[in-house]
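Please read the structure below before turning to the comments.
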Amino acid sequence: MSESTKVLLLGACDRGGELALAFRRLGATVVAVETCADAAELGRLLDEHSPQYVVATTPDVSVEVLIAAAERDGVEVFPTPRGARLSHDREGLRTLAADELGLPTVPFWFAGSAAELVAVAGHAGFPLAVTPVAGSGAEGRSVLLRSDDIEAAWQVAARSTSSGAPHRVLAESVIEVDDEVTLLTVRTIGQAGPAVHFCEPIGHRELPDGQFEAWQPHAMPLEALDAARSIAARIVNSLGGRGVFAVELLLREAEVYFATVRALPTGSGLVTLRSQRLSQFELHARAILGLPLDTIMISPAAVEISEAGGSVPVAVLAEALATQETDLRLVDGTAVSLATAPDVVRARDRAHRVAAALAGAAS
Numbered sequence: 001m002s003e004s005t006k007v008l009l010l011g012a013c014d015r016g017g018e019l020a021l022a023f024r025r026l027g028a029t030v031v032a033v034e035t036c037a038d039a040a041e042l043g044r045l046l047d048e049h050s051p052q053y054v055v056a057t058t059p060d061v062s063v064e065v066l067i068a069a070a071e072r073d074g075v076e077v078f079p080t081p082r083g084a085r086l087s088h089d090r091e092g093l094r095t096l097a098a099d100e101l102g103l104p105t106v107p108f109w110f111a112g113s114a115a116e117l118v119a120v121a122g123h124a125g126f127p128l129a130v131t132p133v134a135g136s137g138a139e140g141r142s143v144l145l146r147s148d149d150i151e152a153a154w155q156v157a158a159r160s161t162s163s164g165a166p167h168r169v170l171a172e173s174v175i176e177v178d179d180e181v182t183l184l185t186v187r188t189i190g191q192a193g194p195a196v197h198f199c200e201p202i203g204h205r206e207l208p209d210g211q212f213e214a215w216q217p218h219a220m221p222l223e224a225l226d227a228a229r230s231i232a233a234r235i236v237n238s239l240g241g242r243g244v245f246a247v248e249l250l251l252r253e254a255e256v257y258f259a260t261v262r263a264l265p266t267g268s269g270l271v272t273l274r275s276q277r278l279s280q281f282e283l284h285a286r287a288i289l290g291l292p293l294d295t296i297m298i299s300p301a302a303v304e305i306s307e308a309g310g311s312v313p314v315a316v317l318a319e320a321l322a323t324q325e326t327d328l329r330l331v332d333g334t335a336v337s338l339a340t341a342p343d344v345v346r347a348r349d350r351a352h353r354v355a356a357a358l359a360g361a362a363s
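Counting from 1, one number per residue, gives the positions in the sequence shown under the UniProt record's numbering.
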């Protein structure tokens, strides 16, 4: 990698720190900026640093800023403005996935008012999951169990919609699923053209206490794995660009449903810090820089993410890390408990022991 290669990271949080380290290990010069409010500020940064690559590390970086960066000669932007926009636009993304690409999804509808949501519920029945079309997280989401829930759900969604965005919601049938899976998909472009590479599936779930657990590999029937990879390849190639895409899928027996996609590393992908030869951050950096990569796993692993509440005393760390093959990192204000083992069951148990020790010390 040439010494002149420069990367501008926007929205640099702790995960951005992992990505910055990945770029630096490949010989790139990294400029990390926590916030970039508008195109004018971006223009000043581009004039000052002259980067070849502009990389958003969080979904909070506005699409307008990425568009402004993409208009500069000699600058490549990741994710692409189109990929970033669709990651925040559930209506556009679901329309692309279901109507244009023909990907399997759960039944869904859109509503632009509480009255339209009443009509959707009358047609679709209950339960229904209702989420604002603008946004990429779970904020503003409600589950309707009866007609009396509709008005409150509409108000919750409206309050969480950013200023200037249309007050519209995505309504989805709630179906029984066996598993929720992230399929990290890496898109590269080489001499032979675009190519996609798949990491092993990552299973994940919300725990009753609000913590988040993920593990890799998640066992899937071969038929379902083939379907998942086909879905991921089609949506990622449609979004374009290079880098890691976190494709979220729902599994019910051998059936696979597309849920959403994020065009950057994700929380469930933190497990790759221990499970793979190259973590999701290293894969993202290599793909962006056009370097060879692989998605080889070195060990089954698990991660449990919980609120940290600040620094962790050494005595607590000693207790938490007494379990073999475990690690702990503080990322974005949360404690990330990591563990490896000969199999996923033991890896999950070890990660939980670390998280439990932290929770016991905090209580």
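Backbone N, C-alpha and C fix where the C-beta goes; we use that ideal spot for every residue, glycine too.
> What residue range is occupied by the uninterrupted beta strand (DSSP E) comprising Ile189?
Replying inline: Mapped onto the sequence shown, residue 189 falls at position 189. If you look at Ile189, you'll find it in the beta strand (DSSP E) that goes Asp179 to Gly190.
>> I need the DSSP call for Pro79, collapsed to helix, strand or coil.
In response: Within the sequence shown, residue 79 is the residue found at index 79, counting from 1. For Pro79, the three-state secondary structure derived from DSSP is coil.
> Do the CB positions of Leu117 and Val169 come within less than 8 Å of each other?
Replying inline: Looking up residue 117 in the sequence shown gives position 117. Looking up residue 169 in the sequence shown gives position 169. Yes, Cβ-Cβ distance for Leu117 and Val169 is below 8 Å.
>> I'd like the ranges of any alpha helix (DSSP H) spanning at least 4 consecutive residues and lying wholly in the stretch 186–245.
In response: The stretch 186–245 contains, as complete alpha helix (DSSP H) runs of 4+ residues, the segments 222–239 (chain order).
>> Please give me, in chain order, every unbroken run of the beta strand (DSSP E) with length at least 3 that falls completely inside the stretch 79–121.
In response: Along the length of the stretch 79–121, whole beta strand (DSSP E) runs at least 3 residues long occupy 108–111, reported in chain order.
>> Quick check on Ala171: does DSSP put it in helix, strand or coil?
In response: By 1-based counting over the sequence shown, the position of residue 171 is 171. Residue state, collapsed to three classes: strand.
> Where does Gln276 fall in DSSP's three states?
Replying inline: Taking the first residue of the sequence shown as position 1, residue 276 is located at position 276. Here Gln276 sits in strand by DSSP.
>> Would His88 and Gly135 qualify as a contact pair, given that the criterion is a beta-carbon distance under 8 Å?
In response: Taking the first residue of the sequence shown as 1, we reach residue 88 at position 88. Taking the first residue of the sequence shown as 1, we reach residue 135 at position 135. Cβ distance < 8 Å, so His88 and Gly135 count as in contact.
> Roughly how many angstroms separate the alpha carbons of Asp38 and Val63, rounded to a whole number?
Replying inline: Taking the first residue of the sequence shown as 1, we reach residue 38 at position 38. Taking the first residue of the sequence shown as 1, we reach residue 63 at position 63. Answer to the nearest angstrom: the Cα atoms are 10 Å apart.
> Between the beta-carbon of Gln52 and the beta-carbon of Glu76, is there less than 8 Å?
Replying inline: Residue 52 sits at position 52 when you count from the first residue of the sequence shown. Residue 76 sits at position 76 when you count from the first residue of the sequence shown. Contact: yes.
> Out of curiosity, what's the CA-to-CA distance linking Ile189 and Ala195?
Replying inline: As a position in the sequence shown, residue 189 is number 189, starting the count at 1. As a position in the sequence shown, residue 195 is number 195, starting the count at 1. When only Cα atoms are considered, Ile189 and Ala195 end up about 6 Å apart.
> Would you report the Cα separation of Asp73 and Glu253, rounded to the nearest angstrom?
Replying inline: For the purposes of this step, residue 73 is taken as residue 73 along the sequence shown, with counting starting at 1. For the purposes of this step, residue 253 is taken as residue 253 along the sequence shown, with counting starting at 1. Going from the Cα of Asp73 to the Cα of Glu253 covers about 49 Å.
> When the Cα of Val106 is compared with those of Arg274, Glu176, Val186 and Gly11, which residue comes out closest?
Replying inline: Walking along the sequence shown from the start, residue 106 turns up at place 106. Comparing alpha carbon positions, the residue from Arg274, Glu176, Val186 and Gly11 closest to Val106 is Glu176.
> Would Arg82 be called buried (16 or more neighbouring beta carbons within 10 Å of its own) or exposed?
Replying inline: Reading the sequence shown from its first residue, position 82 is the one you call residue 82. When all chains shown are included, Arg82 counts as buried.
>> Rounding to the nearest angstrom, what Cα-Cα distance links Arg329 and Ala285 in this structure?
In response: Counted from its first residue, the sequence shown places residue 329 at position 329. Counted from its first residue, the sequence shown places residue 285 at position 285. One C-alpha to the other measures close to 21 Å.
> Does Ser299 have its Cβ less than 8 Å from a Cβ in chain D?
Replying inline: Annotation note: the requested chain D is absent from the structure, which comprises a single protein chain.
>> I need the boundaries of the beta strand (DSSP E) containing Ala129, first residue and last residue.
In response: Position 129 of the sequence shown holds residue 129. From DSSP, the beta strand (DSSP E) with Ala129 extends over Leu128 to Pro132.
> Under three-state DSSP, which class holds Asp349?
Replying inline: Translated into the one-based positions of the sequence shown, residue 349 becomes position 349. Looking at Asp349 - three-state DSSP - the assignment turns out to be helix.
> Bridge partners of Asp327, per DSSP?
Replying inline: What you label residue 327 is simply residue 327 of the sequence shown in a count that begins at 1. According to DSSP, residue pairing for Asp327 in a beta bridge involves Leu338.
>> I need the DSSP call for Ile288, collapsed to helix, strand or coil.
In response: Position 288 of the sequence shown, counted from the first residue, corresponds to residue 288. DSSP places Ile288 in helix when its eight states are reduced to three.
>> Tell me the DSSP secondary structure of Ser268 in three-state form.
In response: The residue given as residue 268 occupies position 268 in the sequence shown. Of the three classes helix, strand and coil, the one that applies to Ser268 here is helix, per DSSP.
> By how many angstroms is the C-alpha of Ala121 removed from the C-alpha of Leu19?
Replying inline: To locate residue 19, count along the sequence shown from 1; it is residue 19. To locate residue 121, count along the sequence shown from 1; it is residue 121. Taking the CA atoms as reference points, Leu19 sits about 43 Å from Ala121.
> When burial is assigned at 16 or more other CB atoms within 10 Å of the CB, is Glu172 buried or exposed?
Replying inline: As a working mapping, residue 172 is identified with position 172 in the sequence shown. Around the beta carbon of Glu172, 16 or more other beta carbons sit within 10 angstroms, so the residue counts as buried.
> In this structure, what does DSSP give as the bridge partners for Arg146?
Replying inline: The sequence position of residue 146 within the sequence shown is 146, counting from 1. For Arg146, which the question treats as bridged, DSSP gives no partner whatsoever.
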